[in-house]
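Asker: Counting from 1, position 271 in the sequence shown corresponds to residue 302 in the numbering used here; the numbering is continuous, with no gaps. Built from N, CA and C at the ideal position, the CB exists for glycine as well. Since the structure is predicted, the reported quantities are computational estimates derived from the model, not experimental observations. Let me give you the structure first, and then I'll get to my questions.
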Amino acid sequence: MPLVLTLWLGGGLAVAQPKPQRVVSLNLCADQLLLALADREQIASLSFLSRDPSLSFLAEEAAALPVNEGRAEAVLFGGADLVLAGTYGQQHQAALLQAQGLDVLRLGPWTRLEQGREQIRALARRLGHPERGEALIARIDAALARTKDIVPSRSSILIYDRRGWVPSLDSMQNEILAHMGFVPHQKALGLMQGGTVSMEALLTSPPDYMLVDEGSSQAVDQGSALFVHPALVKTVPLERRLKVPARLTICGGPSTPAMIEALAAEVALKVR
């Protein structure tokens with residue numbers, strides 16, 4: 032007889048749900064949470080990105096598990112009793128699977144840490160392992176406690192991605208940077224909602240520091256060419272660029288404590 036879980040909803044009503052035995056993930060960030068919170072025998076398959084070490088924090092753990100190509104038809108006939116999907120780019124698959132009676136849980140990207148804690152708790156309860164959710168949250172909170180106000184001055188910082196993209200001011204990474212004592216530079220650029228910053232604007236109003244991907248030191252295509260532009264290198268030199276691997280920043284979840292610690296190491300090395 033499968034374990035039955037009781038989930039408490041906002042109105043105080045209890046809904047009994049069986050512990051899922053065959054969970055399919057269609058999304059890289061859902062992969063990470065599933066690997067951190069589920070028993071291995073509960074995992075039917077992960078997304079094909081789960082094995083990519085440049086993107087997946089838990090690529091080694093994923094290597095021994097089946098992967099899927101994200102096709103709803105294959106999932107439908109694969110005997111899944113719970114499907115984890117993202118909120119962007121997978122609406123069609125999720126809607127099709129739900130229409131066929133499958134239990135689909137959509138996990139959105141974290142925009143703030145409290146949202147991430149809620150998501151971890153909800154998924155851990157659904158998988159039947161609430162204690163694992165609390166353990167992961169404890170690791171995140173411990174990393175935050177160790178890095179509170181570690182920036183010695185109110186330096187500005189800009190999260191700078193490929194093609195000059197910067198995220199919204201309302202993002203988990205900006206929340207962590209502010210927690211450490213940085214001042215997010217988006218406001219000075221008029222990009223509170225995120226967007227693309229031109230080279231001219233960045234040179235006219237440069238941040239004290241930039242947070243970039245670890246692989247940004249080389250121009251491998253047009254999207255990364257901006258990072259090594261001579262004018263930008265002169266304005267924000269490499270020693271004022273905090274570098275963190277993409278596999279730590281793409282998803283909120285088990286990579287978050289490692290991301291906080293990696294960022295703290297960069298602060299200790301470069302911020303004065």
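Between the alpha carbons of D70 and L234, how many angstroms are there, rounded?
Answerer: Roughly 50 angstroms between the two C-alpha positions.
Asker: Does the beta-carbon of G159 have 16 or more other beta-carbons within 10 angstroms, so that it is buried, or is it exposed?
Answerer: Counting Cβ neighbours within 10 Å, G159 comes out buried, since at least 16 surround it.
Asker: Between which two residues does the alpha helix (DSSP H) harbouring D3 extend?
Answerer: Outside the shown range of the chain, which is 32 to 303, sits residue 3, and nothing can be said about it.
Asker: Just list the residues that DSSP pairs S76 with in beta bridges.
Answerer: Bridge partners of S76: V55.
Asker: Could you check whether S78 and L107 sit closer than 9 angstroms to each other, using their CB atoms as the reference points?
Answerer: No, Cβ-Cβ distance for L107 and S78 is not below 9 angstroms.
Asker: Is the beta carbon of A295 closer than 9 angstroms to that of R185?
Answerer: No, Cβ-Cβ distance for R185 and A295 is not below 9 angstroms.
Asker: Give me the residue from I168, R271, D62 and P285 with the minimum Cα distance to S187.
Answerer: For S187, the nearest C-alpha among the options comes from R271.
Asker: Closer than 6 angstroms by C-beta to L113: which residues in its own chain qualify, once you throw out the five before and the five after it? Chain order, please.
Answerer: Cβ neighbours of L113 beyond the five flanking positions: P51, V54 and D134.
Asker: Thinking just about the alpha-carbon of each residue, which of S286, G110, P237 and C282 is nearest to the one in K265?
Answerer: Closest option to K265, Cα to Cα, is P237.
Asker: Does any C-beta atom of chain D lie closer than 9 angstroms to the C-beta of A173?
Answerer: No chain D is present in this structure, which holds just one protein chain.
Asker: Could you check what DSSP says for G147 in three-state terms: helix, strand or coil?
Answerer: Helix at G147.
Asker: Taking a contact to mean a Cβ-Cβ separation below 9 angstroms, would you say I281 touches L86 in this structure?
Answerer: Yes, the Cβ-Cβ distance between I281 and L86 is below 9 angstroms.
Asker: Roughly how many angstroms separate the alpha carbons of W39 and F258, rounded to a whole number?
Answerer: Low per-residue confidence applies at W39: pLDDT is 38, beneath 50, and the placement is therefore not dependable enough to give any value.
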